[in-house]
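Take a look at the structure set out below.
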Amino acid sequence: MIKIYNTLTKQKEEFKPVQKDNVCMYVCGPTVYNLIHIGNARPYIVFDTVRRYFESVGYAVNYVQNFTDVDDKIIKKANEEGKTTDEIVNYYIHETLKDANNLNVNPATHHPRVTEEMDNIIKMIEVLIEKGLAYEVGGTVYYNTAAFPEYGKLSKKVLEELEAGRSERIEITDDKKNHMDFVLWKPKKEGEPYWKSPWSDGRPGWHIECSAMAKKYLGSTIDIHAGGEDLVFPHHENEIAQSEGANGAAFANYWMHNSFLNIDNKKMSKSLGNFKTLRDVGETFGYDTVRFFMLSAHYRSPLNFSGELMEAAKNGLGRIKNAKASLEFALSHSSFDALTEEETNLLPELGKYEGRFHEAMQDDFNTADAISIIFELVKFGNTYAKEGASKNFVTEVYKLFTKLTDILGLLYTYLEDQNQGLTDAEIEDYIQKRTAAKKAKDFKEADSIREYLKDQGVIIEDTREGVRFKRV
Ligand code: AMP
Ligand code: ZN
Numbered sequence: 051m052i053k054i055y056n057t058l059t060k061q062k063e064e065f066k067p068v069q070k071d072n073v074c075m076y077v078c079g080p081t082v083y084n085l086i087h088i089g090n091a092r093p094y095i096v097f098d099t100v101r102r103y104f105e106s107v108g109y110a111v112n113y114v115q116n117f118t119d120v121d122d123k124i125i126k127k128a129n130e131e132g133k134t135t136d137e138i139v140n141y142y143i144h145e146t147l148k149d150a151n152n153l154n155v156n157p158a159t160h161h162p163r164v165t166e167e168m169d170n171i172i173k174m175i176e177v178l179i180e181k182g183l184a185y186e187v188g189g190t191v192y193y194n195t196a197a198f199p200e201y202g203k204l205s206k207k208v209l210e211e212l213e214a215g216r217s218e219r220i221e222i223t224d225d226k227k228n229h230m231d232f233v234l235w236k237p238k239k240e241g242e243p244y245w246k247s248p249w250s251d252g253r254p255g256w257h258i259e260c261s262a263m264a265k266k267y268l269g270s271t272i273d274i275h276a277g278g279e280d281l282v283f284p285h286h287e288n289e290i291a292q293s294e295g296a297n298g299a300a301f302a303n304y305w306m307h308n309s310f311l312n313i314d315n316k317k318m319s320k321s322l323g324n325f326k327t328l329r330d331v332g333e334t335f336g337y338d339t340v341r342f343f344m345l346s347a348h349y350r351s352p353l354n355f356s357g358e359l360m361e362a363a364k365n366g367l368g369r370i371k372n373a374k375a376s377l378e379f380a381l382s383h384s385s386f387d388a389l390t391e392e393e394t395n396l397l398p399e400l401g402k403y404e405g406r407f408h409e410a411m412q413d414d415f416n417t418a419d420a421i422s423i424i425f426e427l428v429k430f431g432n433t434y435a436k437e438g439a440s441k442n443f444v445t446e447v448y449k450l451f452t453k454l455t456d457i458l459g460l461l462y463t464y465l466e467d468q469n470q471g472l473t474d475a476e477i478e479d480y481i482q483k484r485t486a487a488k489k490a491k492d493f494k495e496a497d498s499i500r501e502y503l504k505d506q507g508v509i510i511e512d513t514r515e516g517v518r519f520k521r522v
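The sequence shown begins at 51 in our numbering and counts up one residue at a time.
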């Protein structure tokens, strides 16, 4: 039984899909005008892992993540760089997908773009006007929050606090009937991209796009809607008002929100200027380290970023990578198949690790605990599934190790890896040359090959079974 903490009810609830064996997920996507920072990378990694987990236990997941490709920030960037908005968004969509791929984040089932969904957006606004849930003032259409009695049900407390403080998150204009009302459609300003509508030549507000796209690709009621916790208000609150208002059905059964990635205990954000791009951090520490780092905390706990913590994460992941290399080495060097008596007695331990891993993941996707169980398995493997163990035993350990690390998407090669560094075949080649040099008593040559490999991040070890290597 999978339990999910639902922001809507503020408690963990048993997951029950709308359609048996299927999960419909909508994860709010980025506004594409810059490279993502590592705070933005957190929801990518977290919700990709949620998806992977569902898939690993037999669900088919329909995963939708939009690209917001029309927005003030995009228009500003295009003007600054003397480019068209199309050029800006096409470039950043490409780069964002590359970043996601480097994080081992699987592509969504659908990646709709707002500019390609205008008909549906306009239709939904029309329905809201017909139902008295929206009104037009001089070409601008607002949502009529007073007409939706459940407005505020997701953000509750946040909303009260915001109302009291009249936050900058609530736009104040004279046209609105109520200060909580928000824009569904707005007229263009000079030089801005626009679309024709019954109200004005203009473009949609931010919130309506997700409601329209979720409906088109996933239907009126979806299983999981997700994003970072800053989206609870106003974005997700407004999505509920729009979707439930227009469709007359519950919008999402589970609302999941990741906590912030912080730097010096403050939210990493573009506007505070305290951000680091994923590119920067990925190139310094490895993209796989970034993924491992994010999953080493529970997604609802704040996570602090620092160089030291990234170093520690790199070392931690290194232990898991070495365990894989050791298991592969033991597998290829094992000289007999059948389990020994000791191994037969140890085998049930594997089932226990697997059971505890699932327990952790089914408890609101506790990846922190899941990773600590992988470390226990690494220790177990290093102790029992090494040289001298039977092939069948090592195979069982290796199968479980691969299964669990794959669910979290931990071990993979990313683009930069493929372009830099030596491949396994190249390393084997150097090892053979070194062995030949040693045989010929050319120790200087042998040492220089060892040093060269070390510079490339490859350590070689002479063992009784032969030479083995590991990447560090
Ligand atoms: P934005 O580009 O600000 O709309 O953010 C894209 C996604 O990243 C949203 O789901 C945000 O909630 C999330 N996000 C932004 N900053 C952070 C952060 N510092 N930590 C975690 N998630 C974040
Ligand atoms: Zn959204």
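We treat Cβ as the ideally placed atom computed from N, Cα and C, and that holds for glycine.
Taking Cβ to Cβ, would you say residue i is nearer than 7 Å to residue j?
i: proline 254; j: serine 309; result: no
i: leucine 396; j: leucine 204; result: no
i: valine 73; j: valine 111; result: yes
i: valine 517; j: isoleucine 481; result: yes
i: threonine 339; j: alanine 363; result: yes
i: glycine 236; j: tyrosine 244; result: Reading the sequence as shown, one finds lysine at residue 236 and not glycine. In this structure, tyrosine 244 does not lie closer than 7 Å to lysine 236 by Cβ.
i: alanine 487; j: alanine 496; result: yes
i: lysine 226; j: tyrosine 192; result: yes
i: asparagine 1; j: tyrosine 462; result: Here the chain has residues from 51 to 522 only, and residue 1 is not among them.
i: tyrosine 103; j: isoleucine 424; result: no
i: glutamate 294; j: tryptophan 249; result: no
i: alanine 264; j: methionine 306; result: no
i: valine 331; j: glutamate 259; result: no
What residues match up with residue i in a beta bridge as DSSP calls it?
i: aspartate 413; result: Lys53
i: isoleucine 272; result: Ala302
i: tryptophan 256; result: In DSSP, tryptophan 256 forms no bridge with anything.
i: proline 237; result: Gly252
i: tyrosine 480; result: DSSP lists no partner for tyrosine 480.
i: tyrosine 192; result: Tyr185, Val233
i: glutamine 61; result: Asn56
i: phenylalanine 379; result: DSSP lists no partner for phenylalanine 379.
i: valine 73; result: Val111
i: glycine 277; result: His307
i: lysine 126; result: For lysine 126, which the question treats as bridged, DSSP gives no partner whatsoever.
Note down the Cα distance separating residue i from residue j, rounded to an integer number of angstroms.
i: valine 114; j: lysine 266; result: 10 Å
i: leucine 460; j: lysine 123; result: 34 Å
i: phenylalanine 519; j: glutamine 506; result: 12 Å
i: glutamate 105; j: leucine 454; result: 13 Å
i: valine 522; j: tyrosine 349; result: 28 Å
i: leucine 178; j: serine 261; result: 12 Å
i: aspartate 273; j: aspartate 414; result: 15 Å
i: leucine 345; j: glutamate 145; result: 23 Å
i: leucine 389; j: threonine 473; result: 33 Å
i: lysine 127; j: aspartate 119; result: 12 Å
i: histidine 229; j: alanine 347; result: 38 Å
i: isoleucine 510; j: asparagine 312; result: 38 Å
i: valine 155; j: glycine 132; result: 32 Å
i: glutamine 292; j: aspartate 149; result: 32 Å
i: glycine 401; j: alanine 91; result: 33 Å
i: tyrosine 304; j: glutamine 412; result: 15 Å
i: alanine 184; j: glutamate 333; result: 48 Å
i: lysine 66; j: histidine 408; result: 17 Å
i: glutamate 446; j: isoleucine 370; result: 17 Å
i: glutamine 61; j: asparagine 416; result: 15 Å
i: isoleucine 143; j: aspartate 121; result: 14 Å
i: lysine 504; j: isoleucine 95; result: 31 Å
i: arginine 514; j: lysine 494; result: 22 Å
When DSSP labels each residue in this structure, what does residue i get in the three-state scheme?
i: valine 155; result: coil
i: glutamine 292; result: helix
i: alanine 184; result: strand
i: phenylalanine 232; result: coil
i: aspartate 78; result: The residue asked about is misnamed: residue 78 is cysteine in this sequence, not aspartate. Looking at cysteine 78 - three-state DSSP - the assignment turns out to be coil, as it is neither helix nor strand.
i: valine 111; result: strand
i: glutamine 506; result: coil
i: glutamate 515; result: coil
i: phenylalanine 310; result: coil
i: threonine 445; result: helix
i: glutamate 167; result: coil
i: glycine 323; result: coil
i: leucine 461; result: coil
i: asparagine 49; result: Missing from the structure shown is residue 49; the chain here goes from 51 to 522 and no further.
i: valine 522; result: coil
i: serine 488; result: The question names serine, but residue 488 is lysine in the sequence shown. Three-state DSSP puts lysine 488 in a helix.
i: threonine 118; result: strand
Given the structure, does residue i come close to the ligand PLP, in the sense that its CB is under 6 Å from one of the ligand's heavy atoms?
i: cysteine 78; result: Only the ligand AMP and the ligand ZN can be found as ligands here, which leaves the ligand PLP out of the picture.
With a threshold of 7 Å between beta-carbons, can residue i be considered close to chain B, or not?
i: lysine 133; result: Absence of chain B from the displayed structure is noted, only one protein chain being present.
Would you say the segment 416-428 touches the segment 477-488, given that touching needs at least three Cβ pairs under 8 Å? no
With a cut-off of 8 Å, do at least 3 Cβ pairs link the segment 378-394 to the segment 432-444? yes
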